[in-house]
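Enquirer: Per the working numbering, the sequence shown starts with residue 1, numbered consecutively. What follows is a structure written as C-alpha cells; I'll ask about it next.
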Amino acid sequence: MAKIFCVANQKGGVGKTTTTVNLAASLAAQKQRVLVVDLDPQGNASMGSGIDKMGLKQSVYHVLIGMSDALAAIVKSESGGYDVLPANRELAGAEVELVELDLREERLKNALAPVLNDYDFILIDCPPALSLLTLNGLCAANGVIVPMQCEYFALEGLSDLVNTIKQVHANLNPDLTIIGLLRVMFDPRTTLQQQVSDQLVDHFGDKVFNTIIPRNVRLAEAPSYGMPGVTFDKASRGAQSYMQFGTEMIQRIKTM
Ligand code: ATP
Ligand code: MG
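Listed below in C-alpha cells is the structure:
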C-alpha cells in the first residue's frame, strides 16, 4: 500500500514543486510506483512533468468536488516515469466550493483510497499557503516533507507550519508526522547558509534529511522542457542529489 507524503511549506518559491517532481522521478528510476498529486492551482508540478495543463478534461479539481474519480483523472508523465493527478487554474475555485461540502478536509484522502494499492509512493505538491487545499493534503498524508532554504527567516516561518501540522495531527489525522526537513538550493560557500543549516540540525536532529540539494541551474531549466531535472540531465549535481534523496526516502519508510 502506498505511503503518502505531502511536500509542504507555506512560504512561496522554496522548492516544493522541484522537490516533488524530482523525488518522484528519482523513486520511479529506483523501480517504485509513484503518483504525484498536484494540489496547486499554479499547476507547476503538472507542467514540470510534461503535462499540458490547459488541455485537461478531468483534474484534481473534479476529483475534490466529486465530479470525477481519481482513476479517471490520472495521466502518465512520460518524461518522469510516474503518474500524475494534474491541476490547473480551475483548482482555485475548489477552495471556495469545498467550504460547502461534507468532510471538506478529507476529500482528497477519500478520493485516493481506491488507488492506494496501485502505488508505493504518493507525493502531494502543496500550494504556498496553509489553505483548505493544503489541509486536504495534510489529512491524506502519512508524513510531511518540508523543503527549506537555509536563510535567516527560514526558522521563523517553520513554526506556523509546525503548529498547523500539530493541529491536524490532534484533530484530523493522528497518523501525520514531519518526516523531515530537506535543505534545498544550498550554497555551501555562504557562511550564513552553513550556520542556519547547523542550527536546523541542532534544533531538529534526525528530522533533518542527510541529503542536501545544492543550488543547480539544471534543476531550474528542466521544467521549461516539461521534464524533472533528474531525467533532463542525469549527470548534473542537482539530479544526483535528488537521486540520493530518493534512496534516503526508501530507507526511511522501512523504519516507519
Ligand atoms: P511555489 O510556492 O510558488 O509553489 P515552490 O515552493 O514550489 O514555489 P519551486 O517552484 O520548486 O518552488 O522553485 C522556485 C524556483 O526556484 C523555480 O524557478 C525553480 O526552478 C528554482 N529552484 C528550485 N530548486 C532549485 C535548485 N536546487 N537550484 C536552482 N534552482 C532551483
Ligand atoms: Mg510549487
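Every residue, glycine too, gets a C-beta built ideally from N, C-alpha and C.
Looking only at its own chain, which residues have a Cβ that is under 6 Å from the Cβ of L64, when we skip the five neighbours before and after it?
Expert: Walking along the sequence shown from the start, residue 64 turns up at place 64. Taken in chain order, the residues that qualify are A94 and R107.
Enquirer: Quick test of your reading: F232 and I145, contact by CB under 8 Å. State the CB separation rounded to the nearest angstrom.
Expert: Taking the first residue of the sequence shown as position 1, residue 232 is located at position 232. Taking the first residue of the sequence shown as position 1, residue 145 is located at position 145. So it is not a contact: roughly 21 Å between Cβ atoms.
Enquirer: Is any heavy atom of the ligand ATP found at a distance shorter than 7 Å from the C-beta of N44?
Expert: Here residue 44 is taken as the residue at index 44 of the sequence shown, counted from 1. Correct: N44 has its Cβ closer than 7 Å to the ligand ATP.
Enquirer: Less than 7 Å between the CB of D187 and some heavy atom of the ligand ATP, yes or no?
Expert: Taking the sequence shown and counting its residues from 1, one reaches residue 187 at position 187. The answer is no for D187.
Enquirer: Do D40 and L85 have their C-beta atoms within less than 8 Å of each other?
Expert: The count along the sequence shown starts at 1 and reaches residue 40 at position 40. The count along the sequence shown starts at 1 and reaches residue 85 at position 85. In this structure, L85 does not lie closer than 8 Å to D40 by Cβ.
Enquirer: If you measure from the CB of T19, is any heavy atom of the ligand MG nearer than 7 Å?
Expert: Along the sequence shown, read from residue 1 onward, the residue named residue 19 stands at position 19. Every heavy atom of the ligand MG is 7 Å or more from the Cβ of T19, so no.
Enquirer: Do L135 and E90 come within 8 Å of each other at the CB atom, strictly closer than that value?
Expert: Against the sequence shown, residue 90 aligns to sequence position 90. Against the sequence shown, residue 135 aligns to sequence position 135. No. Outside cutoff.
Enquirer: The alpha helix (DSSP H) that contains L161, what's its start and end?
Expert: Within the sequence shown, residue 161 is the residue found at index 161, counting from 1. It spans A154 to N171 - the alpha helix (DSSP H) in which L161 sits, taken as one unbroken run.
Enquirer: Taking just the CA atoms, how far does P147 sit from N171?
Expert: Position 171 of the sequence shown, counted from the first residue, corresponds to residue 171. Position 147 of the sequence shown, counted from the first residue, corresponds to residue 147. Cα to Cα, N171 sits roughly 24 Å from P147.
Enquirer: Name the DSSP bridge partner or partners of P214?
Expert: Taking the first residue of the sequence shown as position 1, residue 214 is located at position 214. For P214, which the question treats as bridged, DSSP gives the partners F186.
Enquirer: Confirm the yes/no value for this check: CB of D40, any heavy atom of the ligand ATP, distance under 7 Å.
Expert: Counting from 1 along the sequence shown, the entry for residue 40 is found at position 40. D40: yes, Cβ under 7 Å from the ligand ATP.
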